Amino acid sequence: MQVGIDKMAFATTDEYVDLRELARTRGDEPDKYTIGIGQDQQAVVPPTQDIVTLGARAAAKLLTAEDKRHLSTIIVATESGIDNSKASAIYIKHLLGLDDFVRAVELKEACYSGTAGVQFAKGLVTMNPQSTVLVIAADIARYGLATPGEVTQGAGAVAMLISTNPRVLSLEDTSVSYTKDVMDFWRPLYATEAHVDGKYSTNVYIEFFLQCWQRYQQITGHQLADFAALTFHLPFTKMGKKALEGLLQADQSAVAETLRSQLTASQIYSRKVGNLYTGSLYLGLMSLLQNGTVNAGDRIGLFSYGSGAEGEFYTGIVQPQFKKYLNDVADDLGARQRVSVGQYEQEFNAQLGLNQADIAFDLSNDHETFVLAGQKNHQRI
Ligand code: CAA
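For reference, each letter of the sequence shown is one residue, going 0 to 380 in numbering that gives the first Met the number 0.
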């Protein structure tokens with residue numbers, strides 16, 4: 000029985016800031032941002048958007064009435080939780096009008112938990128092949144204004160329907176997880192911005208990728224030539240390049256060159272949105288499927304990484320009609336509005352954060368289907 004990703008959809012905010020403009024404002028060389036780090040644009044988050052609204056928007060793009068009838072579970076993976084107790088999945092379940100006989104839960108392990116969601120969903124569908132599971136990876140990556148991490152912020156959500164006879168990617172059985180207690184990036188309960196040891200985190204990421212790959216090779220005997228592409232968690236696009244080059248070690252063979260060019264195709268959307276944390280790997284997969292050289296039957300490798308830290312390498316086989324089951328991401332990104340650095344800073348500071356006071360946001364210019372209207376009596380509206 001084949002189980003895997005049947006449909007995928009992505010949603011981000013409708014605004015972005017240009018990173019060359021941000022670099023100049025911060026007194027940095029623009030090439031550092033666009034070449035050294037590999038980011039061109041970054042999603043700007045208005046206070047009326049959060050992981051619930053972004054997650055609901057992504058899921059609404061793919062769910063039909065028929066899909067809703069088969070859903071057993073909705074899993075939301077995030078590290079930008081809005082409540083220490085109640086799962087964001089319940090808000091999203093409500094916004095999507097899902098049946099009450101649906102299980103709803105939230106998962107956390109930094110940027111990795113989207114992959115945990117996919118693997119758990121695969122297990123649930125395998126146990127009950129008539130059912131499907133909705134996995135949503137939604138995050139807002141915040142490091143703070145004028146911090147080294149600022150250039151690697153971003154926001155958005157990827158929704159995936161996991162089912163039997165999947166039409167995008169059939170998941171293979173072997174996956175390798177690797178976990179160690181590491182302090183490379185964390186966000187204490189009282190903080191709205193992440194703490195990060197940036198350079199250390201990139202080294203841990205590469206080490207985890209190589210550990211997972213070596214173990215995967217030992218188990219399966221697969222070589223690089225067995226892959227049409229490798230995709231990576233992309234906190235910033237240069238990170239994927241560092242990881243791949245850590246493996247290729249200056250290899251100039253045709254196989255290595257193909258993997259390099261496929262990696263570039265997988266990075267096109269991340270360059271324009273920034274880090275999605277849990278969703279980044281899956282936005283990379285969508286970018287590869289829509290911009291790379293991919294054919295039915297190809298094997299794709301996926302490396303997931305979450306600080307703290309956990310890595311996982313697993314694989315899937317591309318299905319014949321895959322392009323029909325992805326939303327048009329390039330179109331959505333092209334429709335966004337560019338805002339100035341000043342406007343971005345204003346919106347960054349207007350996020351709800353840890354503010355406990357009642358607040359009602361101005362919705363007069365907001366045309367989104369799902370909006371965070373404010374907070375009343377400690378409840379988000
Ligand atoms: N032209 C071209 N390149 C330039 C340049 C210029 N004018 N100026 C600098 N560069 C290059 C540098 O040589 C460097 O390249 P290499 O990394 O290949 O050596 C690159 O630009 C970045 O320069 P710095 O190292 O000086 O940048 P920085 O000190 O400002 O920090 C960062 C960069 C560590 C990525 C920082 O943005 C950060 O901390 N980001 C958040 C942490 C992160 O994303 N870590 C990733 C792994 S953890 C993870 O994956 C989980 C997660 O999602 C967070």
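All residues carry an ideal CB built from backbone N, CA and C; glycine is no exception. Bear in mind that the values here come from a model prediction, so they are computed numbers and not experimental data.
Start and end residues, beta strand (DSSP E) containing residue i
i	result
phenylalanine 312	309-317
aspartate 17	14-17
valine 104	102-106
leucine 288	First-last for leucine 288: 279-290, but that is the alpha helix (DSSP H), not the beta strand (DSSP E).
glutamine 374	373-375
valine 134	131-140
serine 200	Note, serine 200: premise wrong, no beta strand (DSSP E); alpha helix (DSSP H) at 197-219.
glycine 300	298-305
glutamine 355	Here glutamine 355 belongs to no beta strand (DSSP E), and DSSP marks it neither H nor E.
threonine 230	228-231
glutamine 40	40-43
Min CB distance residue i to chain D below 8 angstroms
i	result
aspartate 180	Chain labels in this structure do not include chain D; a single protein chain is all it has.
Residue i in three-state terms, based on DSSP
i	result
alanine 249	coil
glutamine 336	strand
glycine 35	helix
glycine 341	helix
glutamine 378	strand
alanine 22	helix
arginine 259	helix
valine 150	helix
tyrosine 276	helix
tyrosine 189	coil
methionine 159	strand
valine 254	helix
leucine 170	strand
valine 370	coil
alanine 359	strand
phenylalanine 235	coil
valine 328	helix
Start-to-end residues for the alpha helix (DSSP H) that takes in residue i
i	result
methionine 7	Element bounds for methionine 7: not the alpha helix (DSSP H) but the beta strand (DSSP E), 2-10.
alanine 120	112-126
arginine 166	Segment: none, arginine 166 is in no alpha helix (DSSP H) and carries neither H nor E.
isoleucine 267	267-272
Candidates the options, of which the one nearest residue i by Cα
i	options	result
valine 401	Ser87, Asp183, Ile34	Because the chain here runs from 0 to 380, residue 401 falls outside it and cannot be looked at.
alanine 109	Leu223, Ser279, Glu256	Ser279
serine 71	Ile91, Val101, Ser84	Val101
alanine 228	Ser260, Gln216, Gln48, Ile358	Ser260
asparagine 202	Val181, Arg379, Lys322	Val181
leucine 168	Gln210, Leu284, Gln216, Ile89	Leu284
glycine 3	Phe119, Lys237, Gly333	Phe119
serine 112	Gly310, Leu332, Tyr343, Asp331	Gly310
serine 218	Phe207, Thr257, Val175, Val124	Note that residue 218 corresponds to isoleucine in the displayed sequence, not to serine. For isoleucine 218, the nearest C-alpha among the options comes from Val175.
phenylalanine 321	Gly341, Arg335, Arg166	Arg166
glutamine 355	Gln216, Val117, Asn376	Asn376
leucine 160	Leu371, Lys6, Gly305, Tyr177	Lys6
alanine 55	Arg186, Thr257, Thr11	Thr11
threonine 131	Thr63, Tyr268, Tyr204, Ile299	Thr63
tryptophan 185	Glu78, Gln210, Thr277	Glu78
glutamine 289	Thr236, Lys323, Gly300, Gly305	Lys323
glycine 315	Lys121, Leu371, Pro234	Lys121
threonine 263	Thr230, Pro234, Val254, Gly273	Thr230
threonine 33	Ala76, Gln266, Val370, Thr368	Gln266
phenylalanine 312	Trp212, Ala329, Ala115	Trp212
glycine 352	Gly26, Asp30, Pro46	Pro46
valine 16	Met126, Val150, Ser84	Val150
tyrosine 142	Gly273, Leu371, Asp297	Gly273
Separation of residue j from residue i, as counted between CA atoms
i	j	result
alanine 383	glutamine 374	The structure shown does not extend to residue 383, since the chain spans only 0 to 380, so no value can be given for it.
lysine 281	leucine 247	Note on residue identity: the sequence assigns tyrosine, not lysine, to residue 281. Taking the straight line from one Cα to the other gives about 23 angstroms.
serine 286	glycine 148	23 angstroms
glutamate 105	alanine 140	17 angstroms
isoleucine 135	lysine 107	12 angstroms
aspartate 82	aspartate 357	16 angstroms
valine 157	alanine 58	8 angstroms
lysine 241	glycine 197	14 angstroms
arginine 23	aspartate 172	48 angstroms
leucine 144	valine 124	43 angstroms
arginine 379	aspartate 327	31 angstroms
arginine 337	alanine 349	18 angstroms
glutamate 271	arginine 19	Reading off the sequence shown, one finds lysine at residue 271, where the question assumed glutamate. Going by the C-alpha atoms only, they are around 12 angstroms apart.
glycine 155	aspartate 250	35 angstroms
glycine 96	glutamate 346	30 angstroms
threonine 277	proline 319	27 angstroms
leucine 188	histidine 194	12 angstroms
Secondary structure, alpha helix (DSSP H): runs of 4+ residues fully inside the region 46-105 = Segments of the alpha helix (DSSP H) lying fully in the region 46-105: 50-61, 64-69, 87-94.
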